[in-house]
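What follows is a set of notes on a single structure, which appears directly below.
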Amino acid sequence: MANKKESKTEYLRYPNGPASNQMMNVVSHSDQLEEFQKRLGATSHSSVIEIYVPKDGTESNRQVIYKTDNTETTIQLANIDLFSKSKKPLKKILTYTLVKLSQINIMEGQSNDITISFPLQDFVDLGSYKNITTARQAFNQAMNPLTSIKLSGLVKDRKEQHKITDSEIEVLFTGAKIKKGIVEIYLNKRINWQLFALQYFSILPKTYFSLSDNAADSLLNISILARKRISEIKKNGFFTLSFRSLQQILSLPSEDKTKNPGRDIKDAILNALAEINENNPDEMNIESVYNPNGNIIQFLNEGYAKITLRNEFENYFTALAEKKAEKIESSIKRHDEIMTKAKIKAMAGKLESELATEKTQEDE
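All residue numbers for the sequence shown refer to the working numbering, where the first residue is 8 and numbers rise by one.
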């Protein structure tokens with residue numbers, strides 16, 4: 008359980024590793040992977056996904072290779088229909104599992120699988136479900152897909168590559184259960200959890216768990232994106248998220264495949280952002296910027312959310328930006344010192360060579 012200090016805060020620590028984000032993206036779009044692949048190609052210049060049926064699988068299974076400049080993650084989902092039916096409870100349960108992961112001490116070389124445990128009551132207290140009965144039903148529905156996610160991957164650190172898993176592909180969670188009101192989820196010991204999820208962190212408002220699906224998905228992605236936009240936040244006090252990206256994030260229909268794009272796309276985006284504003288007035292303000300007289304194409308291509316952080320949220324990401332600036336400045340300084348020493352050494356070598364030549368000439 009969260010300690011007393013953590014329970015007073017209005018946000019949770021959320022692991023923001025590239026590989027874990029990629030896994031969450033694939034799980035969130037498990038019911039329309041091909042459409043997600045198409046949209047990602049249109050909105051991202053650095054991310055690519057490839058979709059296959061595993062060699063030992065059936066048409067109901069999918070293997071997704073998700074590539075960026077610094078990572079390559081393979082996510083395998085067994086029984087896509089099961090993921091699709093359980094997607095709603097699965098996303099929030101998986102998110103909370105990652106939050107709890109950030110609170111425990113992960114040690115390499117564990118002899119046993121690592122256990123995450125928390126009261127089922129947490130989901131009621133956070134507003135995800137009205138009572139223990141509905142929370143239990145949701146967890147039982149999500150348990151099978153949760154424990155069937157398989158993964159492998161590489162993370163590049165400068166010129167080196169580090170493997171996330173010991174073998175070619177591993178199940179992420181080896182088991183899960185509810186015992187006397189306590190949820191237990193077992194983490195596979197053959198996965199490098201530090202590398203998979205715990206290199207970087209963002210902060211996630213607790214209200215995420217009580218929001219509607221669209222608002223919750225938007226808020227989670229805003230929290231993840233804020234970690235990447237820290238320099239922009241420090242410089243401008245805000246960052247932006249395009250409506251085209253939100254169409255992808257929320258798995259909304261394509262504008263040419265719905266008879267009512269105003270309701271199914273425009274209203275869905277605006278209502279999600281308005282719900283976040285209403286429930287997080289002390290953490291952020293989101294302004295929807297678009298031409299109210301424009302058509303749906305203009306709305307998506309030109310419209311965006313202007314996200315201004317406040318109070319602890321602003322302080323958190325501004326502090327990250329300052330640390331990043333300090334690291335860059337320190338790196339430049341070290342580079343300059345190395346170059347200066349190299350120049351001095353080269354000059355000294357040249358001088359020694361010239362003196363040796365002069366001495367040789369004098370001897371002759």
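Even glycine gets a Cβ: it sits at the ideal position worked out from N, Cα and C.
Just so it is clear, the structure is predicted and the values come from calculations on it, not from any experiment.
Quick one: what's got a C-beta closer than 6 angstroms to Ser-53's C-beta in the same chain, skipping five residues either side?
-> Thr-75 and Asp-76
Based on the DSSP output, what are the partners of Ile-82 in its beta bridges?
-> Val-71 and Leu-158
The beta strand (DSSP E) enclosing Gly-182, as first and last residue numbers | 180-186
Pro-212 versus Val-34, Pro-288, Phe-306 and Gln-44, residue with shortest Cα-Cα distance = Pro-288
Tell me whether the beta-carbon of Ile-123 lies closer than 7 angstroms to the beta-carbon of Lys-107.
-> yes
First through last residue of the alpha helix (DSSP H) which encompasses Ser-252 = 250-256
Rounded separation between Arg-20 and Asn-300 - CA only | 40 angstroms
Counting along the chain, where does the beta strand (DSSP E) carrying Thr-122 start and finish?
-> 121-126
How would you call Val-60, buried or exposed, if buried means at least 16 neighbouring beta carbons within 10 angstroms?
-> exposed
Terminal residues of the beta strand (DSSP E) in which Asn-151 lies = First-last for Asn-151: 139-153, but that is the alpha helix (DSSP H), not the beta strand (DSSP E).
In this structure, what does DSSP give as the bridge partners for Ser-174?
-> Ser-174 pairs with nothing; no bridge assigned.
Kindly indicate which three-state DSSP category Tyr-193 falls into: helix, strand or coil?
-> strand
First and last residue of the uninterrupted alpha helix (DSSP H) at Ile-293 | Unbroken run through Ile-293 is the beta strand (DSSP E), 291-296; no alpha helix (DSSP H).
Where Lys-15 and Phe-208 are concerned, what is the direct C-alpha to C-alpha distance, given to the nearest angstrom?
-> Residue confidence for Lys-15 is low, a pLDDT of 43 falling below 50, so the modelled location carries little weight and cannot support an answer.
Per DSSP, what kind of secondary structure is Pro-212 in: helix, strand or coil?
-> strand
Closest by C-alpha distance to Asn-308, when choosing among Ile-189, Glu-262, Leu-280 and Lys-62 | Glu-262
Are the CB atoms of Gln-305 and Thr-50 nearer to each other than 7 angstroms?
-> no
Assigned secondary structure, Arg-20 (DSSP; H/G/I helix, E/B strand, else coil) | strand
Euclidean distance between Cα positions of Ala-332 and Leu-316 = With a pLDDT of only 48 at Ala-332, under 50, the local geometry of the prediction cannot be trusted, and the value read off the model is given with reservation. Each residue's Cα considered, the two are about 20 angstroms apart.
Evaluate contact between the region 145-160 and the region 19-34, counting only Cβ atoms and requiring at least three cross-stretch pairs below 8 angstroms.
-> yes
Candidates Ala-279, Ile-139 and Lys-273: closest to Asn-298 by CA position = Lys-273
Taking the CB atoms as reference points, tell me whether Met-291 and Phe-320 lie closer together than 7 angstroms.
-> yes
Would you identify the three-state DSSP class for Lys-163, choosing helix, strand or coil?
-> strand
Cutoff 7 angstroms; reference Glu-175; Cβ partners in own chain excluding five residues on either side | Ser-159
Just how far apart, CA to CA, sit Glu-42 and Ser-258?
-> 9 angstroms
Can Ile-171 and Phe-203 be called in contact, C-beta distance under 7 angstroms?
-> yes
Per DSSP, Ile-198 is paired with what?
-> Thr-172
Looking at C-alpha atoms only, which residue of Ile-185, Gly-188, Lys-186 and Ile-192 is the closest neighbour of Val-178?
-> Ile-192
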